[in-house]
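Below is one structure, written out as structure tokens; the observations come after it.
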Amino acid sequence: MALSDKELKEISYLARINVKEESFSSLKKELEQILTLFEELNEADTSSVDAMSHPLDLSQPTRKDEVTEENKRDELLKNAPSVKSGLFIVPKVIDGEA
Amino acid sequence: MDLHKLSLKEQLEGLKKSEFTSVELTSHYLKRISKHDEKFNSFITVTEENALMQAKAADERYKKDKSLPLDGVPIAHKDIFCTKGVRTTCGSKMLSNFEAPYSSTVYTKLDEHGMVMLGKTNMDEFAMGSSNETSYFGPVSNPWDTEYVPGGSSGGSASCVSAELAPIATATDTGGSIRQPASLCGLTGIKPTYGRVSRYGMIAFASSLDQGGVVARSAEDAALILEGMSGHDPKDSTSLKLPSPDLTKNLKDSIQGMKIGLPKEFFEQDMPSYVEQSIQEAIETYKSLGAEIVEVSLKNINLSLPIYYIIAPAECSANLSRYDGVRYGYRCEDPKDIEDLYMRTREEGFGAEVKRRILIGTYALSAGFYDAYYLKAQKCRQLVANDFTNAFESVDVILSPTTPGTAFKAGEKSDDPTEMYLQDIFTIPANLAGLPGISIPCGEHGGLPLGMQLVGNSLQEDKLLQFAHSYQSNTDWHKKMPNI
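Chains as they are written, first to last, in my numbering: chain A, 7 to 104; chain B, 668 to 1151.
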């Protein structure tokens, strides 16, 4: 199972993890090794089996639609890397004239 | 008095009888940590002040005759469990300054039982690793020989209990992260049935596999604490709607006439002769205790490793998308735009193994590959689970080695991810099927301990502990501790 540089770039963008060009070849080798491991599953006959979703096959529980969380805005913002006026600060997202 | 030589149960009894106070017991462990942990690096954070405060409160309750079930006994928590007021790092640069605004259910329950937290233990970054070498806070060493790894990902928990710097520690297990370090450090480690222990406030790695448990010095100690941390939690939608099980009631019952299954696929594999010999001796012990040995077949078990390395990275790539440098955690310097902020924050904040798994998972879930990888793996996972269901029609527990060998040297496997993954070959199947598993010490080789694994049917933690206790009542492998 071979990965191209283009594929690696695409995956790294989808995962939003920057990968430096100089580590491409070693990372590709490591990922290819893992992907080769996956090929062992091709031999398994799964035509008559459903995909497993929960080990004990439970359905999703529901609860009453009630507010259970209290407002912890200040406490939550304490962990944020950049805050102003009670808001998270990030670089400008939308370009264009005002 | 060497208080650390008492079992957790004896410590609890001593506190009840006022033979010593919780402040004395807690101070004793804090002194040991400050004296010895430099060698092992098993703690990321030691919460000395907090611990003494909790201990004092426990002593007050004893004085007033209002003590709680586990009052005043110290415990170390894996740094994956959120603890309000104390930072929770998950072994990552990404969370190196993170202070959770709430506590995990596991911490809260044990706190409400009166347990005293000594600190937060080191671990592989985001619980991804089998050697505790991927922690941002440095590697942990094995107290039996500091040149060797303690296993992972709960390496800090195993190391500190093995060095007797804590009587017990919480841990988590996604593919073997409780049982493998327990095996390599000569401890008893139990991963309960998926859904037994709440995952609320336990930082997510692969949500359909993650499960909390403990590493302890005996099955008896493990039973006491696991009981205290189990039970339904409405805050975790996958938590089982069952009360906390009584794990001590049947602990001392005989295993006469009960059946142990040996999966032939495991025993067909090449394993070092010392592993085979230790397991054979354990089987003989069980026979002498009246257990019947039966061969079973888990014919799809060889698919476990590839299934795991699709499902776990896929789920981790989704879970770890929350670390974006916006709301909490690490953020890169001077991002030029929002994309740059995401891309560099995640490049710099995550270590190599975590990034590798996120990339693999992203690939497996990406358009065009979902059916071939994730869906196929979930189907194969059902095949493995079916094998266990069939096997448990004729046996009570399934026995195997826990690990392919004793601990390996630090650095020995860190360059080859797939070689490292083989560490979990015996432990992964129980996670895939959601079954409880325990590792108990059963031998040694070259001065390093080795464990055997017992896997039980769903919800049968009590039976696993009964089998483990029965073995430990007739052998003394679990009593051997390293000279530190």
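Just so it is clear, CB atoms sit at the ideal spot from N, CA and C, and this is done for glycine as well.
Test: residue i CB closer than 8 Å to a CB of chain A
i, result
"residue 992/B", "yes"
"residue 1101/B", "yes"
"residue 1003/B", "yes"
"residue 1128/B", "no"
"residue 901/B", "yes"
"residue 787/B", "no"
"residue 1084/B", "yes"
"residue 1013/B", "yes"
"residue 1029/B", "yes"
"residue 1125/B", "yes"
"residue 1221/B", "Chain B is shown only over 668 to 1151; residue 1221/B falls outside these bounds and no answer can be derived."
"residue 941/B", "no"
"residue 774/B", "no"
"residue 842/B", "no"
"residue 862/B", "yes"
"residue 984/B", "yes"
"residue 815/B", "no"
"residue 728/B", "no"
"residue 953/B", "no"
Whole-angstrom distance between residue j and residue i, CA atom to CA atom
i, j, result
"residue 762/B", "residue 1034/B", "30 Å"
"residue 740/B", "residue 675/B", "7 Å"
"residue 1026/B", "residue 765/B", "24 Å"
"residue 1047/B", "residue 808/B", "36 Å"
"residue 1092/B", "residue 728/B", "46 Å"
"residue 813/B", "residue 736/B", "36 Å"
"residue 898/B", "residue 907/B", "7 Å"
"residue 724/B", "residue 670/B", "20 Å"
"residue 1043/B", "residue 1018/B", "29 Å"
"residue 690/B", "residue 680/B", "15 Å"
"residue 848/B", "residue 1103/B", "16 Å"
"residue 1030/B", "residue 26/A", "18 Å"
"residue 892/B", "residue 777/B", "8 Å"
"residue 755/B", "residue 748/B", "7 Å"
"residue 703/B", "residue 792/B", "23 Å"
"residue 985/B", "residue 1009/B", "15 Å"
"residue 48/A", "residue 940/B", "32 Å"
"residue 14/A", "residue 20/A", "10 Å"
"residue 1110/B", "residue 43/A", "32 Å"
"residue 830/B", "residue 811/B", "8 Å"
"residue 815/B", "residue 717/B", "32 Å"
"residue 85/A", "residue 9/A", "38 Å"
"residue 842/B", "residue 768/B", "28 Å"
"residue 38/A", "residue 938/B", "27 Å"
"residue 1108/B", "residue 1148/B", "11 Å"
"residue 99/A", "residue 1001/B", "15 Å"
"residue 987/B", "residue 996/B", "12 Å"
"residue 1051/B", "residue 683/B", "46 Å"
"residue 677/B", "residue 705/B", "28 Å"
"residue 1100/B", "residue 40/A", "22 Å"
"residue 59/A", "residue 1036/B", "19 Å"
"residue 641/B", "residue 910/B", "Lying outside 668 to 1151, the shown extent of chain B, residue 641/B is not represented and no answer is given."
"residue 1095/B", "residue 998/B", "34 Å"
"residue 30/A", "residue 1015/B", "16 Å"
"residue 953/B", "residue 1141/B", "10 Å"
8 Å Cβ cutoff, residue i in contact with chain B
i, result
"residue 99/A", "yes"
"residue 38/A", "no"
"residue 10/A", "no"
"residue 18/A", "yes"
Partner residues on chain D for residue i, Cβ-Cβ distance less than 7 Å
i, result
"residue 1010/B", "Here the protein chains are A and B, and chain D is not one of them."
Distance between beta carbons of residue j and residue i, contact taken as under 8 Å
i, j, result
"residue 980/B", "residue 1024/B", "4 Å"
"residue 743/B", "residue 801/B", "Actually they are not in contact, since the Cβ atoms of residue 743/B and residue 801/B sit about 20 Å apart, beyond 8 Å."
"residue 825/B", "residue 753/B", "Incorrect: roughly 21 Å between the Cβ atoms, too far for contact."
"residue 783/B", "residue 721/B", "4 Å"
"residue 50/A", "residue 970/B", "6 Å"
The ligand ATP heavy atom lying under 7 Å from the CB of residue i
i, result
"residue 722/B", "Looking for the ligand ATP in the displayed structure turns up nothing, as the structure carries no ligands at all."
If contact means a Cβ-Cβ distance below 9 Å, which residues of the stretch 961–978 of chain B contact chain A? 967, 969, 970, 972, 973, 974, 976 and 977
Note down, in chain order, all residues in the stretch 754–769 of chain B with a beta-carbon under 7 Å from any beta-carbon belonging to chain A. 765, 766 and 768
What residues from the stretch 71–99 of chain A come within 8 Å of chain B, judged by C-beta to C-beta, listed N to C? 78, 81, 82, 84, 85, 86, 87, 88, 94, 96, 97, 98 and 99
Please name the residues in the stretch 1034–1052 of chain B whose beta-carbon is closer than 7 Å to at least one beta-carbon of chain A, in chain order. 1040, 1042, 1043, 1044, 1045, 1046, 1047, 1048, 1049, 1050 and 1052
Identify every run of the beta strand (DSSP E) within the stretch 1060–1090 of chain B, keeping only runs that are complete inside it and at least 3 residues long; order them along the chain. 1064–1068
Can you list, in chain order, the residues of the stretch 45–58 of chain A whose Cβ is nearer than 7 Å to any Cβ on chain B? 46, 47, 50, 52, 55, 56, 57 and 58
Please specify which runs of the beta strand (DSSP E), each continuous and at least 3 residues long, are wholly inside the stretch 716–751 of chain B, giving them in chain order. 741–745
Which of the residues in the stretch 897–925 of chain B, read from start to end, lie with their CB under 8 Å from any CB of chain A? 901, 904, 905, 907 and 908
Name, going along the chain, the residues of the stretch 1015–1027 of chain B whose beta-carbon falls closer than 8 Å to a beta-carbon of chain A. 1017, 1022, 1023, 1025, 1026 and 1027
Taking the runs of the alpha helix (DSSP H) that are 4 residues or longer, which of them lie wholly in the stretch 937–1006 of chain B? 940–955 and 971–986
Continuous alpha helix (DSSP H) assignments of at least 4 residues falling wholly in the stretch 1079–1143 of chain B: 1084–1088, 1095–1100 and 1128–1139
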